[in-house]
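Here our numbering = 1-based position in the sequence shown + 631.
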Amino acid sequence: MDAANPSHALAMVLVDELARCGVTDAVLAPGSRSTALAMALHDEPRIRLHVEIDERSAGFLAVGLARATGRPAPVVVTSGSAVANLHPAVIEADHGQVPLLLLTADRPPELRHTGANQAIDQVAIFGRSPRWHVDLGVAEDRRGASALWRSSACRAVAAAVGDGLAPPGPVHVNLPFREPTVPLSDDGRATAPPYTSALEGRPGQAPWARTTVAPRRLEDEELRGLVGRLLATERGLVVVGATTPGSGVAEAAGAIHDLARATGWPVIAEPSSGVRTDPATVLTHAPLLLSHPELARWGTPDLVLRIGRTGLSRELAGVLTAQVPQLLLGAEGAWDDPDRTIGERLVADVPATCAALSVALGLPTTSAWGDRWRALDAAAAAAVATVLDGDDVPSEPRTARDLVAGLPAGTTLVVASSMPIRDVDRFAVPRGGLRVLANRGASGIDGFVSTTLGIALASAPAPVVALTGDLSLLHDANGFLLAPDAERIDATFVVVDNDGGGIFSFLPQVAFPGSFERVFGTPHGRDLADLARLHGLGYTEVVAASQLSSVVGAAMGAGGLQLVHVRTDRAANLDLHRQLTAAVHAAVAGV
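The structure is reproduced here in structure tokens:
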């Protein structure tokens, strides 16, 4: 490994060590101070490089790659405000426990606090969000420099994926570069003398330092105690919220369903849990059922096993009060308790724990409690179908229901925050063969396009479809600037377009019409067909609800980036949700 100068050496060593640590993808937003890293990544055959013009979009592209694979995709930016643009992605990675590695080029110390161009204070710029952050200092030609760089790269990757001390999340490596940052001197000639210190890594392409984290399993006494509590409880629930790439919850779906069958308890699972896969155990319409006051009182359980972080359903939160005994299970020990109702926390491997519990409990169990829940859910499903299938007008609830039902097995569905994820939660029937992903860390709408594109890059050749609102799409339209000449991406965006922020119509501020439309409804008046033309996307408009499955299927078959446009009306959407709730309440009376 030969380097022309210290900056060149640092870049080559970091990129080599990242590849040794299993990094397969990296994202770059172009800039000058990051030149050495950009060139090293471009020339590294073990790492696919994705070039994104907008740094905020670049950060979320890396989030998408990591969310799909569980591996960090380093994102490289130049110095100055470029670094600050990564902060939204850092926040999502922090709260969503997504491995994210930030490599930020910086000006050397002699240029800081001098008014030098693009020189800001980048050290610890992301506050307490990173699992680890380090300023590596200016590269020097000295003995031991390579060990520092390689060891730091390994530690950064380990901290990003979860090193046993903290859950997965963002890691910030700040890299001050002195010129020259290319293998030439400032006047364009080869540098002399070249870098002389040793740069080689471990033999056999091994990483400099390997980290192994063993899962925690329950001791026999702990397992017997928990099994006894489950056996003694008929009126129980398994509640699974949003989960993270390294939590193992999606892999535990089968074990969670086995546990539900062994206890006779119903499962309430959010779409991004990875567990909403079995309609025989997972309730489809739990939020609608729990919005009924009498059912909410009846449905208050005696014990709840919670996995992941819930936050979509206010109705569910209203039932899971501090008076209900609740046990939170998770491998990372996250304190997912926004309402301060959890009574116990069990830090243990989720798949192993659920599998051990279901085996210890034995054969499937039935109960009057579980049977009534299923009967209520079936009645709600019939009522919802009657309302949604009563006409052929496109609507947001029907789009969510029909899209989930119609996608081919093996598809990844990426769902935006705000109303799309809630409509999937309330109306889509649980099914297998579909992976559902969403940015539920900070639950923002920012970065949605780029997250989807990152997931598509990591998932290929498996199909990827996104369900989003118009504001989420427009907020990250720059994500479509991802270097189209360098790679082909297949992803279909289904956009429910109500010309504004539809979720606000369900919140108390709708009662103030004088200010509502301007500061909450925020109509944008843009035609998404124009956006599709600008970015070279395929475009189809759905004019009848029954067309959705065929239109989406055709878009997926055409390949490339496709936009399927579903126009809706905010006032009509609010009225339809009220109709659906009333229909469910009427249908479950007496069940």
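Even glycine gets a Cβ: it sits at the ideal position worked out from N, Cα and C.
Note that the structure is predicted; figures quoted are calculated from it, not measured.
- In the DSSP assignment, Val765 falls within the beta strand (DSSP E) that extends over 763-766.
- Under a 10 Å Cβ-count criterion, Gln954 is classified as exposed, with fewer than 16 other Cβ atoms of the shown protein chains found around its own Cβ.
- For Val990, there is no enclosing beta strand (DSSP E); the residue is found in the alpha helix (DSSP H) stretching over 981-992.
- With contacts defined as CB atoms closer than 8 Å, Pro719 and Gly1100 fail to qualify as a contacting pair.
- Straight through space, the alpha carbons of Arg892 and Thr996 are spaced by roughly 6 Å.
- In this structure, the alpha-carbon of Ser1103 lies about 26 Å from that of Ala881.
- Looking only at Pro676, Thr700, Glu648, Leu645, the smallest Cα-Cα distance to Thr1083 is reached by Thr700.
- Taking the CA atoms as reference points, Gly1132 sits about 31 Å from Gly1063.
- One Cα belongs to Ala927, the other to Glu946, and the distance between them is close to 8 Å.
- Put simply, the stretch 737-747 does not touch the stretch 690-704. Fewer than three CB pairs are less than 8 Å apart.
- CA-CA distance, Ala883 to Gly856, rounds to 21 Å.
- In the DSSP assignment, Asp737 is bridged to Pro807.
- DSSP, reduced to helix, strand and coil, places Ala667 within a helical segment of the structure shown.
- Remark: C-beta atoms of Asp1008 and Arg847 do not approach each other more closely than 8 Å.
- For Glu975, there is no enclosing alpha helix (DSSP H); the enclosing beta strand (DSSP E) has its first and last residue at 975-978.
- CA-to-CA, the gap between Gly832 and Glu648 works out to about 8 Å.
- Distance between Gln1178 and Ala797, taken at the CA atoms: about 47 Å.
- By the Cβ test, the stretch 721-729 is in contact with the stretch 1066-1075, since at least three Cβ pairs between them sit closer than 8 Å.
- Ser878 sits buried, since 16 or more C-beta atoms from the chains shown fall within 10 Å of its C-beta.
- Rounded to the nearest whole angstrom, the C-alpha separation of Gly1191 and Leu936 is 42 Å.
- Between Glu675 and Ala650, the C-beta spacing is below 8 Å.
- The beta carbon of Ala747 is closer than 7 Å to those of Arg738 in its chain, skipping five residues each way along the sequence.
- Spatial neighbours of Ala986 in its own chain (CB-CB distance under 6 Å, excluding positions within 5 residues in sequence) are listed in chain order as Ala886.
- Residues Arg651 of the same chain have their beta carbon placed closer than 6 Å to that of Gln836, with the five preceding and five following residues left out of the count.
- In the DSSP assignment, no residue is bridged to Gly1190.
- Pairing Leu731 with Pro838 gives a Cβ-Cβ distance that is not under 8 Å.
- Boundaries of the beta strand (DSSP E) around Gln957: 957-961.
- Taking the CA atoms as reference points, Val1173 sits about 16 Å from Asp1130.
- Shown here, Arg940 sits in a strand according to DSSP, grouped into three states.
- The three-state secondary structure of Ile899, taken from DSSP, is strand.
- Note: Leu1044 is bridge-paired with Val1067, Val1096 in the DSSP secondary-structure output.
- Note that the C-beta distance between Thr941 and Leu960 is not below 8 Å.
- DSSP places Val1197 within a strand segment (E or B) once states are collapsed to three.
- Annotated as proximal: Arg1198 and Pro1025, with beta-carbon spacing under 8 Å.
- Comparing alpha carbon positions, the residue from Val858, Pro661, Ala917, Ala845 closest to Thr1212 is Ala917.
- The beta-bridge partner set that DSSP reports for Arg679 consists of Asp656.
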